[in-house]
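Working notes for the structure below.
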Amino acid sequence: MDNKRDRKVLEDDYENESSSNNFRNSNNRNYNNDYFKRGDSDRGFKFSKLIFAFSLIAVVVLIFFAFTKNILPLNKRIMYTAGLLILEGIFAYIVTRRDKKPLKFVASVLMIIITLAIAAFLFYFLKLDNSIKIMNKNRINETDNNQNLETKVETNVGESFNVYISGIDTYGDLSQISRSDVNIIATVNLKTKKVLLTTVPRDTYLPIAGDGHNEKDKLTHAGNYGVQSSIDTLENFLDIDVSYYARVNFDSLIRLVDVIGGIEVQNDQAFKSSVSGKYYDKGKIELDGKSALDFVRERYTLTDGDNQRGRNQEKVLEAMIKKTLTPSVLLNFDGVLNTLHESVNTNMSTNKIMDIVNSQIFSNKSFDIESQEVKGEGTMDLPSYAMPDSRLYMFVPYEDSVEEVKDAINDTLKNE
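Going by the UniProt record's numbering, the residue at position 38 of the sequence shown is 38; the numbering climbs one at a time, nothing skipped.
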């Protein structure tokens, strides 16, 4: 009887212990599950905050460049900045809440997309900025009298300004000093979307500034004293301020035309190039880089000589400007940038270039490009300061033509 009672007590104790163990095991399992779930939640919380940090940094960097480099017009800069900051505020609210798991996932995906998009944009923009800096640094070896061009600061340059386009008669390195055979003043008005190209013939007889000591000679010889001499000479001649310049040579033109896929121009007169021997029909013609160089250099076989050459140079420049703004060229962004910094010297800053780009992209109106030229007559009877023992062809401008050209430039500069 006692044995049975003892066995019963032992069985009850075993069952109680088993029940207690099961209870403890169940509690341990629940505790462990809660622990791992909380760990997963903490890791997700930290990951979302990390993505948010990268996203916020990307937005701040973008805003910094937008306002320091004139990316987008000012009103759009303010609008997009406000939108991005509001969006980042929403992201901050979502990622700091532990009870917003579905929203947190969506926000994380959006933040990743925004961060990658900003990174890609800044990558290409910094490439553009670097190319412009290279074009600024690749300055020609100016004489001491012309060093003010190298340190010229943009002052009082608003929505209208003049750019001197110089084409020197050499191949190879742009740092060479040489005669300027192309002398075009591009008058740009960003408000009215007008561009006026004014050609001054290379042989125009003018007082040459700088090391030309204001002695009279043909304009092309000013290039031998540096680009600042050419700019000062033209400023004095046309009573204008020239804020910027762009300088190219023969190789530059070939590369620039080829990288944009060639151009189409209207040829006013059929001719055979005295340089290459190639024949060019009258009417619309397609030009690659080498053909474009033929087209802008030819004067000997043209009826109107250097005057027609100046008009042909304007045609090529206008065609290049229009072609550069086409989608096919914009898609070849890397190729164009690489060619630009190899082929152009300029003192134009990234900010001013962005002003021009913004004016074109964020406007319903394209630039209206017109052209004009200084008219006059030729003579062999005038002395040359640079070559006093030689009889050279000189182009004497008509006074009324000069006044008409000045008036047209001033009218274009006006914001009307």
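We put the CB at the ideal spot given by N, CA and C, even for glycine.
Boundaries of the beta strand (DSSP E) harbouring Val396: Met394 to Pro397, taken from the DSSP string. In the structure shown, the three-state DSSP call for Val200 is coil.
It is roughly 10 Å from the alpha-carbon of Asn130 to the alpha-carbon of Lys137.
The C-beta distance from Asp306 to Phe237 rounds to 17 Å, too long to fall under 8 Å, and the pair is not in contact. Between Thr301 and Lys272, the C-beta gap is smaller than 7 Å, which places the two residues in contact.
The distance from the Cβ of Asp173 to that of Asp181 is about 17 Å, inconsistent with a contact at the 8 Å cut-off. Leaving aside the five residues that flank Thr81 on each side, the residues in its chain whose CB is nearer than 6 Å to its CB run, in chain order, Ile63. Measuring C-alpha to C-alpha distances from Val357 to each of Ser371, Thr339, Leu330 and Lys375 identifies Leu330 as the nearest.
Between the stretch 379-394 and the stretch 190-208 there are three or more C-beta pairs closer than 8 Å, enough to call the two in contact. Secondary structure note for Val357: its alpha helix (DSSP H) is the uninterrupted segment Thr350 to Ile361.
If one requires a minimum length of 4 residues, the alpha helix (DSSP H) runs lying completely within the stretch 264-335 are 289-297, 305-324 and 327-331, in chain order. In the three-state DSSP reduction, Ile208 falls in the strand class (E or B). Between the stretch 215-235 and the stretch 397-404, the count of Cβ pairs shorter than 8 Å is below three; the stretches do not touch.
In terms of Cα proximity to Glu318, the closest of Ile184, Thr412, Ala117 and Thr350 is Ile184. Membership of Lys101 in the alpha helix (DSSP H) is indicated by the continuous run Lys101 to Lys137. Annotated three-state conformation of Asp400 is helix, per DSSP. Between Ala58 and Ala270, the alpha-carbon positions lie close to 56 Å from each other. Cα atoms of Gln228 and Ser166: separation of roughly 11 Å, rounded to the nearest angstrom. Counting along the chain, the unbroken beta strand (DSSP E) around Asp181 starts and ends at Ser180 to Asn189.
Secondary structure note for Glu88: its alpha helix (DSSP H) is the uninterrupted segment Leu74 to Val95. Across the structure, Leu190 and Asn162 are spaced so that their CA atoms are roughly 11 Å apart. Thr346 is bridged by DSSP to Ala246. About 6 Å separates the beta carbons of Asp258 and Asp288, which is inside the 8 Å limit, making them a contact pair. Secondary structure at Asp232: helix, using DSSP grouped into helix, strand and coil. In this structure, Asn345 sits near Arg247, with a CB-CB distance shorter than 7 Å. In this structure, DSSP gives Ile71 a state outside helix and strand, which the three-state scheme calls coil.
Going by beta carbons, Ile260 and Lys323 fall inside the 7 Å limit. Each of Leu325, Arg311, Phe362 and Ile361 was checked against the Cα of Glu373, and the nearest Cα belongs to Arg311.
Cβ neighbours of Tyr245 within its own chain (closer than 7 Å, five residues either side excluded): Val163, Tyr164, Ser166, Val227, Ile231, Thr346 and Asn347. Boundaries for Lys375: no beta strand (DSSP E) harbours it, and the DSSP string shows neither H nor E there. Within its own chain, the residues whose Cβ lies closer than 7 Å to the Cβ of Gly262, once the five positions on either side in sequence are excluded, are Glu286, Leu287 and Asp288, listed in chain order. Lys406 places its beta carbon less than 7 Å from that of Asp239. Short of 6 Å from the beta carbon of Thr115, and not among the five residues preceding or following it, lie these beta carbons of its own chain, in chain order: Phe54, Ser55 and Ala58. Nearest to Gly212 by alpha-carbon distance, out of Lys414, Glu404 and Met387, is Met387. Between Ser160 and Leu337 a beta carbon distance of about 27 Å is seen, past the 8 Å cut, so the two are scored as non-contacting.
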